[in-house]
Amino acid sequence: MERTRSLLILILIVTGFSSINAQHKFIIDLHDIADDQFKVNLEPDELSEKNNIFQFASIAPGTYQIMDIGRFVRSFKAYDSKSNLIETKKISTNQWELDDPEKITRIEYSVSETWDTPVQENNIYNMAGTSLETDHAFINNHCVLGYFHGMQSHEIWIKLNHPEEWQVGTALSKNTEGYFTAPTFDFVVDSPILLGRLSKASTDVEGTQVDVFT
């Protein structure tokens with residue numbers, strides 16, 4: 372039987388905080404998707420020995436289920452300013468240990484989408500996961516992004532490199548440098564992103580703009 376997939380996301384556009392300096396700058400490549408993997412380039416800032424663990428989500432608030440996103444990570448590499456490899460080691464399902472974190476200027480990793488990636492247990496509920504197709508991408512950020520230990524409350528910037536004709540639906544605000552911004556990792560977990568060849572409708576609810584993307 373042919374499977375039909377439909378995505379609906381409600382976006383509440385609320386303005387408030389301003390971006391100054393991000394400790395996590397993520398660039399997500401949505402052009403190279405043939406292998407159903409999100410290609411992520413992370414540019415950290417001012418890491419110390421205390422930040423030597425990079426963490427992917429084990430659970431996500433409101434889902435009441437085990438996520439273990441580390442199961443979907445397919446590659447993970449760290450580099451210094453001269454593009455020399457910095458040694459990393461996977462020490463648990465969701466954690467990578469970093470040698471010399473003070474020298475790291477770039478981390479590159481890939482993570483498979485959850486909709487079409489089979490796992491033996493703890494399947495991820497579709498609307499809490501990710502989908503990556505030729506005409507759209509659906510991102511719950513806890514399934515693609517991570518954070519350094521001790522920096523969960525630091526600001527995050529996200530740049531989405533996607534086909535020119537795609538539209539983006541999210542509650543995140545974009546800054547003048549073209550990054551979507553969030554004040555903390557917890558905030559970005561509550562801010563899903565739907566992008567692609569979308570339909571959009573908007574309405575005003577007592578002064579709050581509500582955008583509906585499908």
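The sequence shown begins at 372 in our numbering and counts up one residue at a time.
Note that CB positions come from ideal geometry on N, CA and C, so glycine has one too.
Quick caveat, the model's predicted, so the values are computed rather than measured.
Spatial distance of residue i from residue j (CA atoms)
i    : j    : result
S446 : G578 : 45 angstroms
V539 : I430 : 26 angstroms
D561 : N497 : 16 angstroms
I475 : H533 : 26 angstroms
T464 : D575 : 44 angstroms
E484 : D471 : 30 angstroms
T386 : N546 : For T386, the predicted structure reports a pLDDT of 38, less than 50, and the residue's modelled location is therefore unreliable. The matter cannot be settled from this model.
S419 : D582 : 40 angstroms
Y450 : R477 : 5 angstroms
E535 : W467 : 34 angstroms
W486 : G441 : 15 angstroms
I404 : E473 : 32 angstroms
E458 : L469 : 6 angstroms
Classification of residue i by the beta-carbon crowding that lies within 10 angstroms, buried from 16 upward
i    : result
I462 : exposed
H402 : exposed
Y435 : exposed
K571 : exposed
A428 : buried
G500 : buried
G433 : exposed
L456 : exposed
Other residues of its chain near residue i: CB distance less than 6 angstroms, five sequence neighbours each side excluded
i    : result
V559 : N512, I527 and A553
E479 : N412 and K448
S452 : T476
S524 : T555
W537 : L566 and G567
Test item: CB-CB of residue i and residue j under 8 angstroms
i    : j    : result
M522 : N423 : no
D439 : N494 : no
V515 : F409 : yes
V444 : V482 : yes
L503 : D407 : yes
Contact set for residue i: own chain, Cβ-Cβ below 8 angstroms, skip 5 residues either direction
i    : result
L543 : I529, F551, T552, A553, V559, S562 and I564
D506 : G567 and R568
I437 : S429, I430 and N493
T488 : D407 and F443
Same chain only: Cβ atoms within 7 angstroms of residue i, ignoring 5 sequence neighbours per side
i    : result
Y518 : H395, Q426 and F556
G549 : K530
Next on the checklist: Counting beta carbon pairs with one atom in the segment 395-403 and one in the segment 412-419, are three or more of them shorter than 8 angstroms?
Outcome noted: yes
Checklist entry - Are the segment 549-568 and the segment 499-511 touching by the rule of at least three beta carbon pairs closer than 8 angstroms? => result yes
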